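Peer 1:
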């Protein structure tokens, strides 16, 4: 079945450094790729997304890149701050579905050390 | 602007007791609604989704059921809770028309003892 693999599972960086999280997907019909940030005890928050007709999208310190040929996409966070510490989830749309279903990766715990 | 609410925020229930979790959305019409469960340190498992009143699709056979009595209300229920039902339950809404943009509520932490 459809699958999304996310790496690494944990990531520790120094404040001010960059962080990169990578995901690969299996469904060639997927055309929407969101990233969520989940702080402890809270619901996931949509932070950035990209659709298949775009290769890169940037919003201040975060950016997402998409390589449809290789079926992978990445989240880039520059100038990391302690408040960026959280669990990040990638997801891919289930292309064959007639609903808005998403397939989620297993999450990356990002720790930004002051 | 749109807002999604879930209650209760936390719940401790004994094995065998019933369950009712509620999710409501404000500021939108005809949303698609989703129930997810998140085990500790794990990813998101889709349980149910709904594209309209009374229309429920189940993703995983289990001890739970869902209902959508009103356009912006989604309820997750169980007649008899199991220990394995413990987890963090999340409701999400998506604008109608399958944009895939899902927005999550604050979640309900359920502990079955």
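Residue numbers (this note's numbering), protein chains in the order written: chain D, 88 to 201; chain B, 99 to 211.
In this text, a Cβ means the ideal position worked out from N, Cα and C, and glycines have one as well.
The structure displayed is predicted, hence computed values, not measured ones.
1. Quick one: measure Cβ to Cβ for residue 118(B) and residue 130(B), integer angstroms, because I've assumed they're closer than 8 Å.
2. Could you tell me whether the Cβ of residue 193(D) comes closer than 8 Å to any Cβ of chain B?
3. Can you give the Cα-Cα distance for residue 104(D) and residue 165(D), rounded to whole angstroms?
4. Roughly how many angstroms separate the alpha carbons of residue 105(B) and residue 123(B), rounded to a whole number?
5. Could you have a look at residue 121(D) and say whether DSSP puts it in helix, strand or coil?
6. Determine the direct distance from the alpha carbon of residue 202(B) to that of residue 94(D), and round the result to whole angstroms.
7. Over the uninterrupted beta strand (DSSP E) stretch that includes residue 184(B), give me the two end residues.
8. With distances taken from CA atoms, which of 125(D), 151(D), 115(D), 126(D) is nearest residue 137(D)?
9. Whose C-beta lies closer than 8 Å to the C-beta of residue 127(B) among residues of the same chain, with five residues either side of it excluded?
10. What's the call for residue 210(B), buried or exposed, on a 16-neighbour Cβ count within 10 Å?
11. Does the beta carbon of residue 187(B) sit closer than 8 Å to a beta carbon anywhere in chain D?
12. Measuring only the C-alpha atoms, how far is residue 159(D) from residue 126(D)?
13. Kindly indicate the opening and closing residues of the beta strand (DSSP E) around residue 134(D).
14. Are the C-beta of residue 146(B) and some C-beta of chain D separated by less than 8 Å?
15. For residue 170(D), name the three-state secondary structure that DSSP assigns.
16. First and last residue of the beta strand (DSSP E) that includes residue 151(B)?
Peer 2: Let me lay it out:
1. Contact between residue 118(B) and residue 130(B) is absent: CB atoms are separated by about 21 Å, not below the 8 Å threshold.
2. Taking 8 Å as the CB threshold, residue 193(D) lines the interface with chain B.
3. Distance between residue 104(D) and residue 165(D), taken at the CA atoms: about 7 Å.
4. The alpha-carbon atoms of residue 105(B) and residue 123(B) are separated by roughly 12 Å.
5. Note: residue 121(D) maps to strand in three-state DSSP.
6. Taking C-alpha positions only, residue 94(D) is separated from residue 202(B) by approximately 23 Å.
7. According to the DSSP assignment, residue 184(B) belongs to no beta strand (DSSP E), since it is labelled neither H nor E.
8. Out of 125(D), 151(D), 115(D), 126(D), 151(D) has the C-alpha closest to the C-alpha of residue 137(D).
9. These residues qualify, in order along the chain: 169, 170, 194.
10. Label assigned to residue 210(B): buried.
11. Taking Cβ atoms only, chain D never reaches closer than 8 Å to residue 187(B), which makes this a no.
12. If you take the alpha carbons of residue 159(D) and residue 126(D), they lie about 25 Å apart.
13. 132-138 is the span of the beta strand (DSSP E), which, as asked, contains residue 134(D).
14. Taking Cβ atoms only, chain D never reaches closer than 8 Å to residue 146(B), which makes this a no.
15. The answer is helix: DSSP assigns residue 170(D) an H, G or I state.
16. Element bounds for residue 151(B): n/a, residue is neither H nor E.
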